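Peer 1:
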Amino acid sequence: MRIRRTLLAVPAAAALLLATPTAALADESVHVKLLELNNSGASGNATLTATSGGDLRISIRSTGLVPNSPHAQHLHGSTTGMDFHCPDMSADTNGNGYVSTEEGMPAYGDIFVSLTTKGDTSKASGLAVDRMPTADPEGNLRYDRTIAGADLPPGTIEHLKDLHIVEHGVDANDNDKYDLAGLGESTLAKSAGLSGIPEEATDPALCGMVSGAAAGSVPVGGVATGDGSTRDEATVWYGAGGLALLAALGIVVVTRRRSYVLNRVQR
Amino acid sequence: MTRSRKVALVAAAVLAIAGAIAIVVGRHDEPVAEPPRTAPPGPPFSAPATRSGTDVLTTGRLLPTSEPTRVRIPALHVDEAVIGLGQNPDGSMQVPTDAHTVGWYTKAPTPGSLGPAVLAGHVNYRGADGTFARLAMLRPGDRIMVARQDGVTATFAVNRLDRYPKDQFPADAVYGAIDHAGLRLITCGGDFDDRSGHYLDNIVAYASLVTADR
Ligand SMILES: [Cu+2]
Numbered sequence: 010m011r012i013r014r015t016l017l018a019v020p021a022a023a024a025l026l027l028a029t030p031t032a033a034l035a036d037e038s039v040h041v042k043l044l045e046l047n048n049s050g051a052s053g054n055a056t057l058t059a060t061s062g063g064d065l066r067i068s069i070r071s072t073g074l075v076p077n078s079p080h081a082q083h084l085h086g087s088t089t090g091m092d093f094h095c096p097d098m099s100a101d102t103n104g105n106g107y108v109s110t111e112e113g114m115p116a117y118g119d120i121f122v123s124l125t126t127k128g129d130t131s132k133a134s135g136l137a138v139d140r141m142p143t144a145d146p147e148g149n150l151r152y153d154r155t156i157a158g159a160d161l162p163p164g165t166i167e168h169l170k171d172l173h174i175v176e177h178g179v180d181a182n183d184n185d186k187y188d189l190a191g192l193g194e195s196t197l198a199k200s201a202g203l204s205g206i207p208e209e210a211t212d213p214a215l216c217g218m219v220s221g222a223a224a225g226s227v228p229v230g231g232v233a234t235g236d237g238s239t240r241d242e243a244t245v246w247y248g249a250g251g252l253a254l255l256a257a258l259g260i261v262v263v264t265r266r267r268s269y270v271l272n273r274v275q276r
Numbered sequence: 013m014t015r016s017r018k019v020a021l022v023a024a025a026v027l028a029i030a031g032a033i034a035i036v037v038g039r040h041d042e043p044v045a046e047p048p049r050t051a052p053p054g055p056p057f058s059a060p061a062t063r064s065g066t067d068v069l070t071t072g073r074l075l076p077t078s079e080p081t082r083v084r085i086p087a088l089h090v091d092e093a094v095i096g097l098g099q100n101p102d103g104s105m106q107v108p109t110d111a112h113t114v115g116w117y118t119k120a121p122t123p124g125s126l127g128p129a130v131l132a133g134h135v136n137y138r139g140a141d142g143t144f145a146r147l148a149m150l151r152p153g154d155r156i157m158v159a160r161q162d163g164v165t166a167t168f169a170v171n172r173l174d175r176y177p178k179d180q181f182p183a184d185a186v187y188g189a190i191d192h193a194g195l196r197l198i199t200c201g202g203d204f205d206d207r208s209g210h211y212l213d214n215i216v217a218y219a220s221l222v223t224a225d226r
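Keeping their order, the protein sequence lines are chains A and B. Residue numbers for the first sequence follow this note's numbering, so the first one is 10 and each next one is one higher. Residue numbers for the second sequence follow this note's numbering, so the first one is 13 and each next one is one higher.
Structural data, given as structure tokens:
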């Protein structure tokens, strides 16, 4: 057995050099739980999947959002290793009862990627509501998009678990739409040069926290980790051992018998 | 005692000793007792927490992403290099091309970071016992050390061992989302199918991260 192992080791090492697969990045799928902010009553789940090509596949399913309305959504945070998290109501520094997008930024960081339905995904598209997904009449929102690696800020994939998905849009006065009567004009939109946008449209409704991770691509079936080539070895050894013992016994019996016969003849 | 008788008795003694050794070797090569086949698992993991605020939804320590370089399992006297494994054209997982090397499935998280890291090794291959030949002997609490490219060694503790028919391989349990840094060691087991040249079952050891040292 030992000899066989040693003999096999050389070609095996050579094969290894040829067969070593190269792993650019680990494909993995980060699972995110979307938790309500500002008592929005909304909830959701998202997955961020890093593909082997370096792209990012995003899937979001949320419910309880303002119906028939666009919801601005972003990945917030940075790749500098800052420990961002989701804010609680203590982040409401102006005390109007709502954590605004700006008030939340110390907790979840600045806009890192804009999760638009098409086109640009940079921070510049943060309030591009015409390219943001719209909730259906029941307040359900579905979003699926793959953003090419080249369009992602450097380090996005490596820091996937450090980023926070935030979905914006609340309904403070409970009339199923964004209006100035709810919370007035959006200070965020105004600072971006857009006037007349309701604060309701930009206040966050959901903030995502990483809840788990999975394989990015699941292999088919089981794993072929064995060819059975040593499974009968025990039987072979037992067989050989048994035969050897039988032969030994046979020799002893024959020898003793012969000497007994010889002794009688000699006598 | 005659000379021929002496020779015969010496031969008998040699044969007896050789036979005894063969039986001892055979005992050593006896297949390892395997866990019973595990019933198909229940619904996949879902995060239990629903409250807002700054609470984390994951459990235990988590390391940043870094690829594995070596695996050590003291209970099995295993200390082997780790290579990357992708998928075959038919979508199945690649396996190492020798009995010793352990493969890390590159389309899943790295060992020590959040999620299930997957290592596969042969039970036997081309006439040699594989590194995972005795995987089924692992017991809950046994340690598995994975050295990583960033110089950190992630130490995992075995949670449980399961055996599944390959045609009912539980993808969710092995590759699905988990809320901690986990590790799965996969090898073959169960009956051997001579016609296909494959074992019918896979043995999977589940472990979770306990410590990390530099
Ligand atoms: Cu945002």
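Note that beta-carbon positions come from the ideal geometry of N, C-alpha and C, so glycine has one too. What you are looking at is a predicted structure, and each value in this text was computed from that prediction instead of being measured.
Chain B beta carbons: is any one of them nearer than 9 angstroms to that of Leu255 (chain A)?
Peer 2: In the first sequence, the residue the question calls residue 255 (chain A) occupies position 246. Using a Cβ-Cβ cut-off of 9 angstroms, Leu255 (chain A) counts as an interface residue toward chain B, since at least one Cβ of chain B sits closer than that to its own.
Peer 1: Can you tell which of A:Ser123, A:Glu147 and A:Tyr107 has its C-alpha closest to the C-alpha of Asp139 (chain A)?
Peer 2: Reading the first sequence from its first residue, position 130 is the one you call residue 139 (chain A). Its Cα nearest to that of Asp139 (chain A), the residue A:Ser123 stands out among A:Ser123, A:Glu147 and A:Tyr107.
Peer 1: Quick check: the Cα distance between Pro76 (chain B) and Ser125 (chain B), rounded to an integer number of angstroms?
Peer 2: Along the second sequence, read from residue 1 onward, the residue named residue 76 (chain B) stands at position 64. Along the second sequence, read from residue 1 onward, the residue named residue 125 (chain B) stands at position 113. If you take the alpha carbons of Pro76 (chain B) and Ser125 (chain B), they lie about 5 angstroms apart.
Peer 1: List, in order along the chain, the chain B residues whose C-beta lies closer than 9 angstroms to that of Ile174 (chain A)?
Peer 2: Mapped onto the first sequence, residue 174 (chain A) falls at position 165. Correct list: empty, because the minimum Cβ distance to chain B is about 13 angstroms.
Peer 1: What's the gap between the Cα of Gly194 (chain B) and the Cα of Asn103 (chain A)?
Peer 2: Residue 194 (chain B) sits at position 182 when you count from the first residue of the second sequence. Residue 103 (chain A) sits at position 94 when you count from the first residue of the first sequence. Straight-line Cα distance between these residues: approximately 43 angstroms.
Peer 1: Just the C-alpha distance for Arg14 (chain A) and His134 (chain B), rounded to the nearest angstrom, thanks.
Peer 2: For the purposes of this step, residue 14 (chain A) is taken as residue 5 along the first sequence, with counting starting at 1. For the purposes of this step, residue 134 (chain B) is taken as residue 122 along the second sequence, with counting starting at 1. The predicted position of Arg14 (chain A) is uncertain, since its pLDDT is 42 and thus under 50; a value taken from the coordinates is nonetheless stated next. Distance between the alpha carbons of Arg14 (chain A) and His134 (chain B): 14 angstroms.
Peer 1: So Glu112 (chain A) is in the alpha helix (DSSP H); what residue range does that whole segment cover?
Peer 2: Your numbering for residue 112 (chain A) matches position 103 in the first sequence. Thr110 to Tyr117 is the span of the alpha helix (DSSP H), which, as asked, contains Glu112 (chain A).
Peer 1: In or out: Val130 (chain B) buried (at least 16 other Cβ within 10 Å) or exposed?
Peer 2: In the second sequence, residue 130 (chain B) corresponds to position 118, counting from 1. Counting Cβ neighbours within 10 Å, Val130 (chain B) comes out buried, since at least 16 surround it.
Peer 1: Can you tell me whether DSSP reads Ala217 (chain B) as helix, strand or coil?
Peer 2: What you label residue 217 (chain B) is simply residue 205 of the second sequence in a count that begins at 1. DSSP places Ala217 (chain B) in strand when its eight states are reduced to three.
Peer 1: Using beta carbons (cut-off 9 angstroms, strictly below), is Gly65 (chain B) in contact with chain A?
Peer 2: Position 53 of the second sequence, counting from 1, holds the residue named residue 65 (chain B). For Gly65 (chain B), the predicted structure reports a pLDDT of 40, less than 50, and the residue's modelled location is therefore unreliable. The matter cannot be settled from this model.
Peer 1: With distance defined between alpha-carbon atoms, name the residue in B:Asp184, B:Ser220 and B:Gly163 nearest to Val229 (chain A).
Peer 2: As a working note, residue 229 (chain A) is residue 220 in the first sequence. Looking at the Cα atoms, B:Asp184 is the closest of the given residues.
Peer 1: Under three-state DSSP, which class holds Ala28 (chain A)?
Peer 2: Numbered from its first residue, the first sequence carries residue 28 (chain A) at position 19. Residue placement at Ala28 (chain A) cannot be trusted, given a pLDDT of 37 that sits under 50; the coordinates are not used to answer.
Peer 1: With 8 angstroms as the C-beta to C-beta threshold (strictly closer), list the residues of the stretch 210–232 of chain A near chain B in chain order.
Peer 2: Contact residues of the stretch 210–232 of chain A toward chain B are Cys216, Met218, Val219, Ser220, Gly221, Ala222, Ala223, Ala224, Gly225, Ser226, Val227, Pro228, Val229, Gly230, Gly231 and Val232 (C-beta to C-beta distance below 8 angstroms).
Peer 1: Quick one: complete alpha helix (DSSP H) runs, 4+ long, within the stretch 127–206 of chain A?
Peer 2: 189–192 and 196–200
Peer 1: Taking the straight line between their C-alpha atoms, what separation do you get for Arg265 (chain A) and Val26 (chain B)?
Peer 2: Stepping through the first sequence from its first residue, residue 265 (chain A) is reached at position 256. Stepping through the second sequence from its first residue, residue 26 (chain B) is reached at position 14. Answer to the nearest angstrom: the Cα atoms are 17 angstroms apart.
Peer 1: Going by beta-carbon coordinates alone, are Thr88 (chain A) and Glu37 (chain A) separated by less than 9 angstroms?
Peer 2: On the first sequence, residue 88 (chain A) is found 79 positions in, with the first residue counted as 1. On the first sequence, residue 37 (chain A) is found 28 positions in, with the first residue counted as 1. No, Cβ-Cβ distance for Thr88 (chain A) and Glu37 (chain A) is not below 9 angstroms.
Peer 1: Check whether the stretch 145–161 of chain A and the stretch 57–75 of chain A touch, using three or more Cβ-Cβ pairs below 8 angstroms as the test.
Peer 2: yes
Peer 1: Can you give me the Cβ contacts of Ala280 (chain A) inside the same chain, cut-off strictly under 7 angstroms, excluding the 5 residues immediately before and after it?
Peer 2: Any answer about residue 280 (chain A) is impossible in this case: the structure gives chain A only from 10 up to 276.
Peer 1: Are any of the Cβ atoms in chain A nearer than 9 angstroms to that of Leu27 (chain B)?
Peer 2: Here residue 27 (chain B) refers to the residue found at position 15 of the second sequence. At least one chain A Cβ lies under 9 angstroms of Leu27 (chain B).
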